[in-house]
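Okay, so the sequence shown: first residue is 922 according to the numbering used here, each after it adds one. Don't be surprised by glycine CBs; every beta carbon is placed ideally from N, CA and C. Computed from a predicted structure; not experimentally measured.
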Amino acid sequence: MLYYTEIGVSNLEIPSEKSLCVYISGCQNHCINCHYPELKLCDYGNILKDNIFSIISAYLPQITCVCFLGEGNNTFVDHIEFINHVKFVQRLNLKTAIYSGRNIFPEEWMKIFDYVKVGSYQKNLGDLFSRTTNQKLYLNQTGNFKDITKLFWNLSKNF
Ligand code: SF4
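Encoded structure:
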């Protein structure tokens, strides 16, 4: 089951989108210099499936995308739950995104998302706004993932 710790609206996570960011706990990664250690706690926060309708409804007029920051425990059951949430969000004509901290190419189950971010956080390489970053943001073009990371590089973190 997926749990979330907090939510908030941001222009930073996905270029050209106003995203409702939903921070998912249960992270199984071990990034050195983890910037959000609470996300590594399991079953921590609020149950997502009990609240997703109300939290999205509250922000609906002002957002274009729902961005899940984290993959939970990254189990098959979690993937199915994400897919069900994405189908609900799609019915509201919103885009969807997921932030994974794993060093992978987007996986098959991720093809339901419009955007997929991958890559562990490595302080020496920087985050997505750094030209030396190891992290990547992909745009899903009907099942083919296009690397659009460079869109971050001309943006200010304060926009
Ligand atoms: S992906 Fe890395 S930085 Fe993000 S919560 Fe997990 S360990 Fe921390």
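Next on the checklist: Taking only three categories from DSSP, how would you classify Lys1016?
Outcome noted: For the purposes of this step, residue 1016 is identified with residue 95 of the sequence shown, where counting begins at 1. Lys1016: strand per DSSP, three-state reduction.
Checklist entry - Can you tell me the Cα-Cα spacing of Asn950 and Asp999, whole angstroms? => result Your numbering for residue 950 matches position 29 in the sequence shown. Your numbering for residue 999 matches position 78 in the sequence shown. The straight-line gap from Cα to Cα measures roughly 15 Å.
Checklist entry - Just reading off the beta strand (DSSP E) that Gln1062 is part of, what are its end residues? => result Here residue 1062 refers to the residue found at position 141 of the sequence shown. Here the beta strand (DSSP E) through Gln1062 covers 1057 to 1062.
Next on the checklist: Here's the rule I'm using: 16 or more other beta-carbon atoms within 10 Å means buried, otherwise exposed. How should Thr1017 be labelled?
Outcome noted: On the sequence shown, position 96 is the one that residue 1017 refers to. Around the Cβ of Thr1017, a 10 Å sphere holds 16 or more other Cβ atoms; the residue is buried.
Next on the checklist: Once the 5 residues before and after Ile1069 are set aside, which same chain residues still bring their CB inside 6 Å of it?
Outcome noted: As a working note, residue 1069 is residue 148 in the sequence shown. Close CB contacts of Ile1069 within its chain, under the 6 Å cut and outside five residues either way in sequence, are with Leu1058, Leu1060 (chain order).
Item to check | Beta-bridge partners of Asp1068, as assigned by DSSP | outcome: One-based indexing of the sequence shown puts residue 1068 at position 147. In DSSP, Asp1068 forms a bridge with Tyr1059.
Checklist entry - Who pairs with Gly929 in a beta bridge, going by DSSP? => result For the purposes of this step, residue 929 is taken as the residue at position 8 of the sequence shown. According to DSSP, which records beta bridges pairwise, Gly929 is partnered with Cys942.
Checklist entry - Expressed to the nearest angstrom, what Euclidean distance is found between the alpha-carbon atoms of Ile1033 and Ser978? => result Locating residue 1033 in the sequence shown gives position 112, counting from the first residue. Locating residue 978 in the sequence shown gives position 57, counting from the first residue. Cα to Cα, the separation comes out at about 21 Å.
Checklist entry - Of the choices Arg1012, Asp1035, Lys1044, Lys1071, whose alpha-carbon is the least far from that of Cys988? => result The count along the sequence shown starts at 1 and reaches residue 988 at position 67. Of the residues Arg1012, Asp1035, Lys1044, Lys1071, the one whose Cα lies closest to the Cα of Cys988 is Asp1035.
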